[in-house]
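Undergrad:
Protein chains: 2
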Amino acid sequence: MKRKITLKQIAKELDVSISTVSKALRNSIEISEDTRQKIQAFAKLYNYRPNNIALSLKNRKTKTIGIIIPEIVHHFFSKVITGIELVANKRGYNVIVGLSNESFDKEVINMQMLANGSIDGFILSIAKETLLQQDYHHFTETINQGMPIVMFDRVVNEIPCDKVIVDDVKGAKQAVEKLISNGCKNIAIISTKDYVSVGKLRTQGYLEALEDHKIDPKASLILKIEDKLMSDDHLDKLESEVEQLFQSNKSIDGIFAVNELYAVTAIKVARKLGLKIPDDLQVISFSDGVLSKHSTPSLTTVSQHGQKIGEKAANLLINRLEAEEVDYNDETEEVYETVIIETNLIERESTKN
Amino acid sequence: MKRKITLKQIAKELDVSISTVSKALRNSIEISEDTRQKIQAFAKLYNYRPNNIALSLKNRKTKTIGIIIPEIVHHFFSKVITGIELVANKRGYNVIVGLSNESFDKEVINMQMLANGSIDGFILSIAKETLLQQDYHHFTETINQGMPIVMFDRVVNEIPCDKVIVDDVKGAKQAVEKLISNGCKNIAIISTKDYVSVGKLRTQGYLEALEDHKIDPKASLILKIEDKLMSDDHLDKLESEVEQLFQSNKSIDGIFAVNELYAVTAIKVARKLGLKIPDDLQVISFSDGVLSKHSTPSLTTVSQHGQKIGEKAANLLINRLEAEEVDYNDETEEVYETVIIETNLIERESTKN
DNA sequence: TTAACTTGCGCAAACGTTTTCGTGTTGAAA
DNA sequence: TTTCAACACGAAAACGTTTGCGCAAGTTAA
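From first to last, the protein sequence lines are chains A and B. Residue numbers 1 to 353, in the working numbering, belong to the letters of the first sequence in order. Residue numbers 354 to 706, in the working numbering, belong to the letters of the second sequence in order.
Here's what the structure looks like:
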């Protein structure tokens with residue numbers, strides 16, 4: 001119906017030039033009090049707002065941040081988005097979301113769609129398939145085109161950009177140490193295959209904790225799940241693998257799971273086998289989400305502070321964007337930051353206290 | 354560093370005009386085979402992509418959809434986004450997300466930020482505060498400015514736009530009927546205050562089911578929670594209110610909860626009071642999310658098909674956007690659609706079968 | 001009276017595209 | 001030789017802003 005009103009229309013209506021209107025609205029002293037008021041009144045009446053696209057084109061920046069994440073139906077990622085959106089909005093930016101669905105191709109396509117002027121910079125977490133293929137050309141390309149990237153959680157070292165991560169090793173280690181100090185003698189870990197970096201790191205933390213306490217790790221206590229997208233099919237497989245773990249290691253009294261789902265599955269299986277939580281078996285999970293808090297028993301977890309990660313990532317990106325404006329002239333070697341967000345252990349019912 | 358290459362730069366480099374470059378890249382027959390190939394090769398070499406912002410400005414459309422939702426850390430809403438993003442991408446659109454955080458002001462601000470040319474249309478679900486204040490001027494204003502809106506889930510009738518909803522009454526009714534046919538005699542409902550439209554409608558479905566089966570509703574079996582944003586504080590209050598419900602109605606043998614959280618809380622409290630699920634108490638929840646599937650016992654739920662809702666909403670919006678291009682001339686009365694997505698009952702362990 | 005300011009406003013360029021409408025150069029038909 | 005179509009390309013406008021600069025009219029100072 002009625003299109004949004006433009007400077008040109010106001011100018012025509014009031015019989016002045018476009019520049020006069022623009023200046024009047026921006027309170028330029030070049031314009032007389034009289035005309036300024038007249039124009040402002042008219043603009044207010046018609047609810048004039050400058051067209052963002054035109055501004056973006058002129059200023060060569062969009063005030064928009066592109067987010068690419070593997071999936072959004074995931075407590076951690078939505079928390080991160082919440083954090084990003086929070087500071088982005090506060091600092092005058094919008095947020096545009098692309099989902100890679102853990103697929104390399106969709107990640108590439110999405111980045112290309114957004115990189116063509118729609119956004120000023122990326123915040124992203126790498127798709128599993130990309131990690132598996134180790135093909136990172138789309139990241140380097142965007143960076144070479146002058147578009148900054150901030151990676152979070154699933155990062156890869158060879159890409160020169162800011163990163164926000166949790167200390168997966170440390171978090172895992174603390175969790176396992178908690179189990180040890182709570183008296184667990186046979187602690188199993190349910191992790192992912194090693195190409196998922198966080199799975200690998202958390203496994204490393206598990207091993208370090210054991211080593212520090214002079215406990216010999218046993219291969220049979222380490223379960224690495226092939227972590228494809230969660231179908232119901234996959235869920236059954238998970239359950240049977242976990243059951244297998246319990247069956248062949250009757251003396252397990254502690255479980256460290258790298259995510260909530262593995263933890264609740266472990267609990268479910270353990271119960272079926274007659275184990276009492278936390279008396280016979282104590283469980284700690286990485287990733288503090290809705291399952292941890294509300295399932296029974298509630299889970300002791302390593303909280304990653306997803307929102308804080310998002311906030312930090314957004315601040316890093318925006319800082320860089322707004323710094324660029326200043327030292328345009330720089331051939332100075334860029335220096336990138338890797339921020340580590342501290343995890344902390346939230347004790348609930350799945351462990352003794 | 355290196356800015357993205359533009360038509361102008363290519364033109365200068367190859368010593369032709371901008372228009373020639375543009376035409377060559379779009380395979381215009383006006384350009385000779387020779388130059389066309391030369392230009393295309395050069396463009397490919399420098400990885401040229403047309404600047405989206407410039408295109409948006411020229412075409413007066415952005416190929417971007419704005420989404421405003423109350424919160425993103427919420428299974429249902431993320432599912433909806435997944436659906437929107439799926440069809441949006443398939444049809445060549447991007448998706449930009451604003452969070453209202455259930456606040457009226459943030460909803461208004463966010464819409465204004467996006468309405469200034471950044472997007473072609475909105476898909477949104479109304480914030481609780483907005484519903485409470487019943488101030489919908491920002492919706493009518495955007496619509497009057499020619500920007501279509503599609504509302505989903507939390508909608509309000511007086512706004513002329515397409516809507517996608519689930520049949521809350523019917524879904525609730527089916528759930529309660531399931532409880533009745535499973536032998537429940539005293540069915541309580543845990544709902545929200547009436548200003549949350551879905552809470553009201555689901556309560557209505559509950560009442561209708563009772564009525565159809567000649568069961569007199571009892572006021573003491575209807576618990577309406579003040580559903581502010583979930584703080585831990587609020588959680589305690591919820592728990593004590595639910596406990597109160599059980600204490601004053603010892604004979605409750607069925608619970609219909611309007612969301613997962615209420616359902617798991619009810620189960621938690623019931624267990625504390627020594628009730629066995631589903632033998633002593635059967636529970637059905639609206640909203641099929643991660644809690645339902647993975648908590649123990651898993652919940653029988655009314656699934657809303659959030660992703661389908663999102664897909665439908667996106668299709669409605671894009672259809673309208675692309676229809677507008679054609680009948681530009683129309684003063685024909687716009688006719689809006691309200692699509693109802695069927696719910697269905699997913700039976701799990703919290704009910705007998 | 002003249003020179004020099006000040007005031008208030010408009011012109012035009014620029015951001016990167018696409019597209020319409022020329023326009024100059026061929027080559028062929030008349 | 002003239003005429004005209006075909007061909008290959010360029011100029012310019014448009015989308016909606018912002019802003020440096022120019023310019024006319026009015027004002028002040030000399």
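Note that CB positions come from ideal geometry on N, CA and C, so glycine has one too.
Under 8 Å by Cβ, that's how I've got A:Arg-202 and B:Gly-499 pegged, so tell me the actual separation to the nearest angstrom.
TA: The Cβ separation is near 52 Å, so there is no contact.
Undergrad: Within 10 angstroms of the Cβ of B:Leu-591, are there 16 or more other Cβ atoms? Answer buried if so, exposed if not.
TA: buried
Undergrad: In angstroms, rounded to a whole number, what distance separates the CA positions of A:Tyr-336 and A:Glu-71?
TA: About 26 Å.
Undergrad: Nearest to B:Thr-769 by CA position, among B:Arg-402, B:Ser-544 and B:Glu-366, is which residue?
TA: No information on residue 769 of chain B is available, as it lies outside the stretch 354 to 706 that chain B covers here.
Undergrad: Given a limit of 9 Å on CB to CB distance, which residues of the stretch 255 to 275 of chain A reach chain B?
TA: Glu-260, Leu-261, Val-264, Thr-265, Ile-267, Lys-268 and Arg-271
Undergrad: A:Ala-219: which of A:Ile-187, A:Val-16 and A:Lys-79 sits nearest, CA to CA?
TA: A:Ile-187
Undergrad: In whole angstroms, give me the CA-to-CA distance for B:Thr-435 and B:Ile-422.
TA: 13 Å
Undergrad: Please name the residue, chosen from A:Phe-122, A:Ala-209 and A:Arg-154, that lies closest to A:Leu-179 on a Cα-to-Cα basis.
TA: The option with the nearest alpha carbon to A:Leu-179 is A:Ala-209.
Undergrad: From B:Lys-443 to A:Ile-165, what distance separates their C-alpha atoms?
TA: 32 Å
Undergrad: Within the 8 Å Cβ cut-off, does B:Glu-366 reach chain A?
TA: Nearest CB-CB separation between B:Glu-366 and chain A: not below the 8 Å threshold.
Undergrad: Beta carbon of A:Leu-345, beta carbon of A:Thr-300: below 8 Å?
TA: yes
Undergrad: Any Cβ of chain A within less than 8 Å of the Cβ of B:Ile-371?
TA: So, not an interface residue.
Undergrad: So, for A:Ser-251: in the same chain, excluding its five sequence neighbours on each side, which residues have a beta-carbon less than 6 Å away from its beta-carbon?
TA: Asn-186
Undergrad: With B:Ala-616 as the anchor, note down where its alpha helix (DSSP H) starts and where it stops.
TA: 613 to 625
Undergrad: Just the C-alpha distance for A:Asp-212 and A:Glu-226, rounded to the nearest angstrom, thanks.
TA: 28 Å
Undergrad: A:Asn-144: which of B:Ile-358, B:Ser-651 and B:Leu-669 sits nearest, CA to CA?
TA: Per the Cα distances, B:Ile-358.
Undergrad: Distance cutoff 8 Å, beta carbons only. Does B:Lys-705 sit that close to anything in chain A?
TA: no
Undergrad: Spell out whether any CB of chain A is found under 8 Å from the CB atom of B:Pro-423.
TA: no
Undergrad: Rounding to the nearest angstrom, what Cα-Cα distance links B:Leu-484 and B:His-491 in this structure?
TA: 13 Å
Undergrad: Just to confirm, are A:Thr-64 and B:Ser-648 a CB contact at a threshold of 8 Å?
TA: no
Undergrad: Hey, does A:Leu-7 have any beta-carbon neighbour from chain B nearer than 8 Å?
TA: no
Undergrad: Using 8 Å for Cβ pairs, my map puts B:Gln-657 next to B:Phe-429. What's the rounded Cβ distance?
TA: 6 Å
Undergrad: Is B:Val-461 helix, strand or coil when you go by DSSP?
TA: helix
Undergrad: Could you tell me which chain A residues have their CB closer than 9 Å to the CB of B:Thr-649, listed as they occur along the chain?
TA: Val-264, Ile-267, Lys-268, Arg-271, Ser-295 and Thr-296
Undergrad: Check the C-beta distance from A:Pro-278 over to A:Lys-170 and give it rounded, since I have them as a contact under 8 Å.
TA: Not really, about 23 Å apart at Cβ, beyond 8 Å.
Undergrad: Within the 8 Å Cβ cut-off, does B:Thr-653 reach chain A?
TA: Under the Cβ distance rule, B:Thr-653 does not count among the residues neighbouring chain A, no pair being separated by less than 8 Å.
Undergrad: Using a Cβ-Cβ cutoff of less than 6 Å, which residues in the same chain neighbour B:Pro-403 once the five nearest sequence positions on both sides are dropped?
TA: none
Undergrad: CB-CB under 6 Å to B:Gly-419, same chain, minus the five flanking residues each way: which ones, in chain order?
TA: Ile-449, Leu-467, Ile-472 and Phe-475
Undergrad: Where A:Lys-79 and B:Pro-501 are concerned, what is the direct C-alpha to C-alpha distance, given to the nearest angstrom?
TA: Straight-line Cα distance between these residues: approximately 29 Å.
Undergrad: Can you list, in chain order, the residues of its chain with a C-beta nearer than 7 Å to that of B:Ser-409? Leave out the 5 residues immediately preceding and following it.
TA: Thr-415
Undergrad: A:Asn-157: buried (16+ other C-beta within 10 angstroms of its C-beta) or exposed?
TA: exposed
Undergrad: What in chain A is Cβ-close to B:Gln-498, meaning under 7 Å?
TA: Lys-2 and Lys-4, listed in chain order.
Undergrad: Which whole-angstrom value describes the C-beta separation of B:Tyr-559 and B:Ala-525, a residue pair presumed to lie in contact below a C-beta threshold of 8 Å?
TA: 5 Å
Undergrad: If the cut is a Cβ gap below 9 Å, which residues of chain B does A:Leu-57 touch?
TA: Asn-404, Ile-406, Ala-407, Ser-409 and Leu-410
Undergrad: Say whether chain A places a C-beta atom closer than 8 Å to the C-beta of B:Pro-447.
TA: Before going on, a small fix: residue 447 of chain B reads as Asn here, not Pro. True, the Cβ-Cβ gap to chain A drops below 8 Å.
Undergrad: Along the chain, which unbroken stretches of the alpha helix (DSSP H) at least 4 residues long are found entirely within the stretch 167 to 207 of chain A?
TA: Fully enclosed alpha helix (DSSP H) runs of 4 or longer: 168 to 181.
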